[in-house]
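Residue numbers (the working numbering): 11 to 441.
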């Protein structure tokens with residue numbers, strides 16, 4: 011494993027374009043790092059630390075030549091700018107020795123690549139860059155496709171997916187349950203919830219039209235509190251997401267829920283995102299223990315029994331324990347991993363703060379097998395150990411966010427706490 015402070019060189023553009031790139035399909039992966047960069051993986055898998063100390067990397071994509079493009083937020087304490095960071099390994103050792111930054115100084119979380127078009131999701135906008143084949147920098151300035159998206163106060167990450175001339179954008183809710191008073195015991199919810207008009211859903215925009223606002227887009231799906239984990243299944247073209255559930259059932263409704271119940275409810279929902287989908291937030295939440303949607307207490311719920319208006323809301327495909335904080339979703343299209351992984355979904359759980367008095371959970375990457383466009387089993391832990399000895403949001407060494415598959419079938423994982431990117435490879439019997 012490389013030390014935390016890596017020597018990075020920025021090459022002149024002509025040399026960058028001509029540089030030899032590692033990571034092509036069919037090429038043998040380089041040796042893995044001792045200790046796999048601190049994470050644990052199933053037998054036969056190992057990891058290489060591609061880059062370290064990046065300025066809050068979020069989602070990422072990998073081009074056909076092995077170049078990596080990462081959406082970053084930047085780091086205020088070190089004056090590191092946000093924007094897009096491009097990484098290249100010219101030596102073939104698996105570690106990025108070229109690092110190029112471009113795009114706006116403002117940070118962002120979403121990124122998508124289609125052909126030569128790279129899309130960057132800032133907190134309040136979506137920009138597009140034309141990226142010539144083999145280039146680490148765009149040809150010219152980016153163009154603003156959508157601006158003035160709602161970003162305050164909270165849940166500002168704009169995850170992206172691009173398909174058939176459209177850009178799908180997550181616009182998360184700023185609140186817990188659209189309540190009248192934030193984090194106040196017993197505060198009722200606003201009914202109807204005005205946030206649903208502009209937030210808590212997936213919007214669809216024209217990928218070829220500049221200077222759009224939210225009003226120019228279509229509210230494609232709703233009732234989704236915050237869907238940072240958003241991805242298309244390349245095999246079917248279907249859009250999927252994993253939703254952050256609401257918080258503070260135990261703290262705000264102590265007469266209906268114990269703190270232990272609030273630490274485990276509601277479930278994080280793995281969902282199919284279709285035009286017109288409504289997953290019920292803020293009026294409803296999914297109880298993964300009862301396997302049903304129930305009324306939230308802010309809207310007349312009785313502690314998890316009454317269903318009411320939730321009976322006709324869309325149901326998840328799969329549910330995970332509460333407050334794991336799903337931030338990344340990827341459908342595996344490679345052939346390097348064993349057959350059982352083909353077409354399945356990886357989910358990066360960032361870990362949350364709201365599990366007291368229960369132990370913190372999440373901070374891992376989970377794999378879900380798929381068959382015929384739906385989960386073919388429960389999720390199992392694939393990569394763990396990111397947090398290190400202290401599994402807490404303030405002291406975790408690493409917190410997984412973004413996922414991408416490389417041209418050789420390697421799996422890439424980003425971490426916005428330590429600024430690290432791993433490349434996971436399958437090397438049964440070899441390091």
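Every residue, glycine too, gets a C-beta built ideally from N, C-alpha and C.
Residue i classed as buried or exposed, judged by whether at least 16 other C-beta atoms fall within 10 angstroms
i: residue 190; result: exposed
i: residue 106; result: buried
i: residue 256; result: buried
i: residue 374; result: buried
i: residue 15; result: With a pLDDT of 29 at residue 15, under the threshold of 50, the modelled position of that residue is not reliable, and no figure is offered here.
i: residue 428; result: buried
i: residue 301; result: exposed
i: residue 168; result: buried
i: residue 153; result: exposed
i: residue 278; result: buried
i: residue 286; result: exposed
i: residue 381; result: exposed
i: residue 228; result: exposed
i: residue 38; result: exposed
i: residue 303; result: buried
i: residue 251; result: buried
i: residue 232; result: buried
i: residue 82; result: buried
i: residue 274; result: buried
i: residue 44; result: exposed
i: residue 28; result: The predicted position of residue 28 is uncertain, since its pLDDT is 37 and thus under 50; a value taken from the coordinates is nonetheless stated next. Counting Cβ neighbours within 10 Å, residue 28 comes out exposed, since fewer than 16 surround it.
i: residue 222; result: buried
i: residue 137; result: buried
i: residue 225; result: exposed
i: residue 148; result: buried
DSSP beta-bridge partners of residue i
i: residue 391; result: 376
i: residue 101; result: None, per the DSSP bridge assignment.
i: residue 2; result: Residue 2 cannot be examined here, being either before or after the span of the chain that is shown, 11 to 441.
i: residue 139; result: 128
i: residue 189; result: 199
i: residue 422; result: 414 and 433
i: residue 338; result: 358
i: residue 295; result: 304
i: residue 222; result: 156
i: residue 67; result: 82
i: residue 385; result: 380
i: residue 164; result: Looking at the DSSP assignment, residue 164 forms no beta bridge with any residue, so it has no partner.
i: residue 93; result: 82
i: residue 56; result: 435
i: residue 328; result: 280
i: residue 123; result: 128
i: residue 118; result: 132
First through last residue of the beta strand (DSSP E) which encompasses residue i
i: residue 195; result: Careful: residue 195 lies outside any beta strand (DSSP E) and carries neither H nor E.
i: residue 413; result: 410–415
i: residue 278; result: 278–283
i: residue 228; result: 228–232
i: residue 51; result: Run containing residue 51: none; DSSP gives neither H nor E here.
i: residue 211; result: 211–216
i: residue 251; result: 249–253
i: residue 347; result: No beta strand (DSSP E) contains residue 347, which DSSP labels as neither H nor E.
i: residue 316; result: Careful: residue 316 lies outside any beta strand (DSSP E) and carries neither H nor E.
i: residue 396; result: Residue 396 -> no beta strand (DSSP E), and no H or E assigned at all.
i: residue 110; result: 108–112
i: residue 242; result: 239–242
Whole-Å CB distance - residue i paired with residue j, under 8 Å assumed
i: residue 219; j: residue 141; result: Residue 219 to residue 141, Cβ: 19 Å. No contact.
i: residue 376; j: residue 359; result: 6 Å
i: residue 47; j: residue 59; result: 4 Å
i: residue 263; j: residue 332; result: Going by Cβ atoms, the distance from residue 263 to residue 332 rounds to 14 Å, so no, they are not a contact pair.
i: residue 161; j: residue 133; result: 4 Å
i: residue 423; j: residue 410; result: 5 Å
i: residue 463; j: residue 269; result: In the structure as shown, the chain starts at 11 and stops at 441, and residue 463 therefore has no counterpart that could be examined.
i: residue 245; j: residue 353; result: 6 Å
i: residue 357; j: residue 336; result: 6 Å
i: residue 236; j: residue 183; result: 6 Å
i: residue 42; j: residue 435; result: 7 Å
Span of the alpha helix (DSSP H), counted from its first residue to its last, around residue i
i: residue 272; result: 269–274
i: residue 259; result: 259–262
CB contact below 8 Å: residue i versus chain D
i: residue 116; result: Although the question refers to chain D, the structure presented lacks it and comprises just one protein chain.
Sufficient close CB pairs (3 or more, under 8 Å) joining the stretch 238–248 to the stretch 167–184
Yes: the two stretches touch, three or more of their Cβ pairs being nearer than 8 Å.
Can you find at least 3 beta carbon pairs, one from the stretch 340–359 and one from the stretch 307–325, that sit closer than 8 Å?
They do not touch, by the three-pair rule.
For the pair the stretch 312–321 and the stretch 203–218, tell me if three or more CB-CB distances fall below 8 Å.
no
Would you be able to state if there are at least three C-beta pairs under 8 Å between the stretch 89–106 and the stretch 61–74?
yes
Do the stretch 358–372 and the stretch 390–405 make contact, defined as three or more Cβ pairs closer than 8 Å?
yes
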